[in-house]
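Since the structure comes first, as structure tokens, the remarks are kept for the end.
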Amino acid sequence: MTEYLLIIVSAILVNNIVLAQFLGVCPFLGVSNKLSTATGMSGAVCFVITLATVVTYLINKFFLVPLGLTFLQTIAFILVIAALVQIVEIVLKKISPSLYQALGIFLPLITTNCAVLGVALNVVTKEFTFGDAAHMLNLGEATVYALATSLGYGLAMILFAGMREQLAMNDVPKSFKGLPIALITVGIMAMAFLGFSGIV
Amino acid sequence: MSKFGLITKGLLKENPTFVLVLGMCPTLATTTSAMNGLEMGLATMFVLILSNIVISLIAPVVPDKVHIPVYIVVIATFVTVLQLLMQAFVPQVYETLGLFIPLIVVNCIVLGRAEAFACKNSVGDSALDGIGIGLGFTLSLTVIGIVREILGSGSLFGWKFIPGDGILAFVMAPGAFLVLGYLMVLFNKLAKR
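Chains as they are written, first to last, in the numbering used here: chain A, 1 to 200; chain B, 201 to 393.
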């Protein structure tokens, strides 16, 4: 149980996916202008990352590894993710139109969000250390890791969107307008998150 | 556009990092030193040139409805080729750049060039476009790497010329965002003249 707790704290705060691992920075900068769109995007990312990680984990374990095809991971995973996003879109449209309304426009964008492929590849290729010795994650740990990572993404995104809404009302020097000041703000945020390093 | 213009536009006018602001993840993650930035840039350029060539060849026969998945498969194929080549010949570099080599698949610069240029231009022009944008990306990454390496570890391409530890934050995550932000300010300032 403590191990799962360590995974959660580590993935959300210490190794935050955007602020420490630099995954999914493009949509992070792209849709964080407004708090409402940032929340919608975070929800969609959360859903897709968790689902994609579980599916690709199973495909890797029961299909690619037994057949000795692990070098095809990149191609296989990106196709699975693209197909999955399509399926999620269709299913969501059918069973929950209101959720589809909220997440709909963000779903197609997620295929090219490197956070999804990044987490999926990380889980099957990297050894993690949580508490005891370094080991590959099992399915339960991988699911928790994916969920916590995407919650970390949401946390960073929503915090940043809040700051950016305030920033929009301030008088910023001309050359700093738009992305430069946003990047500098993220830099300072990343520095704040560095304070969490060492607690796990 | 002239052949020469195709190669040079990526450096300034359509610079993928500072003007188009594409492919931010590898830009931030791999520029801890000048050499790493250069290597990441060259790796991306390899995929960019080859995928541009193949996509400009197959674009006329690909049905419009499935063109994005087809392009992604082409790109993913070349990324896998690159992964295998790097593991065989430069395992050290592959180890340092790590996850960001397979992630070239989802680098929006590569898919962006396929959509915006390669699918409607000749093979030769698409190859030159790949070289041009690739050079621009490599140059930006190297510049960011140089700044971070000097500030963060007091060295340049591994040659240490400032004794001591340097400002560690510039090698870590915050430095990446700050350096890119301030370089963008500088670029805006100079470009608007």
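Even for Gly, the Cβ is constructed at its ideal location relative to N, Cα and C.
For residue 46 (chain A), the uninterrupted alpha helix (DSSP H) segment begins and ends at 35 to 59. One finds 306, 308 and 311 in chain B with Cβ atoms closer than 8 angstroms to the Cβ of residue 112 (chain A), taken in chain order. Residue 121 (chain A) is positioned such that its CB atom lies closer than 9 angstroms to that of residue 73 (chain A). When DSSP reads this structure, residue 356 (chain B) sits in a beta bridge with B:359. Per the DSSP secondary-structure output, residue 267 (chain B) pairs with nothing in a beta bridge.
Sixteen is the threshold: since fewer than 16 other Cβ atoms of the shown chains lie within 10 Å of the Cβ of residue 291 (chain B), the residue is exposed. Residue pairing of residue 160 (chain A) in beta bridges, as defined by DSSP: absent, with no partner found. For the 9 angstroms CB-CB criterion, residue 116 (chain A) and residue 60 (chain A) do not form a contact. Among the residues of chain A, those whose CB is under 8 angstroms from the CB of residue 389 (chain B) are 175, following chain order. Put simply, of B:378, B:310 and B:220 the residue whose alpha carbon is nearest the alpha carbon of residue 190 (chain A) is B:378. By DSSP's assignment, residue 128 (chain A) forms a beta bridge with A:135.
Taking CB atoms only, residue 271 (chain B) has no neighbour in chain A less than 9 angstroms away. Residue 185 (chain A): member of the alpha helix (DSSP H) spanning 179 to 194, first to last residue. Around the C-beta of residue 95 (chain A), fewer than 16 other C-beta atoms lie within 10 Å, and the residue is accordingly described as exposed.
Where residue 239 (chain B) is concerned, the enclosing alpha helix (DSSP H) starts and stops at 234 to 258.
Residue 339 (chain B) is not a Cβ neighbour of residue 230 (chain B), given a cutoff of 9 angstroms. Close to chain B, meaning a Cβ-Cβ distance shorter than 8 angstroms, are the following residues of the region 25 to 38 of chain A: 25, 26 and 29. Residue contact check for residue 181 (chain A) against chain B: a CB pair falls below 9 angstroms. Taking the CA atoms as reference points, residue 160 (chain A) sits about 19 angstroms from residue 110 (chain A).
Rounded to whole angstroms, the gap between the alpha carbons of residue 143 (chain A) and residue 322 (chain B) is 46 angstroms. For the pair residue 275 (chain B) and residue 327 (chain B), the CB atoms are not nearer than the 9 angstroms cut-off. The Cβ of residue 191 (chain A) sits closer than 9 angstroms to at least one Cβ of chain B. With respect to the 9 angstroms criterion, residue 370 (chain B) and residue 356 (chain B) are not classified as neighbours on the basis of their beta carbons.
By the beta-carbon neighbour count (other beta carbons within 10 angstroms, threshold 16), residue 380 (chain B) is buried. CA-CA distance, residue 108 (chain A) to residue 256 (chain B), rounds to 24 angstroms.
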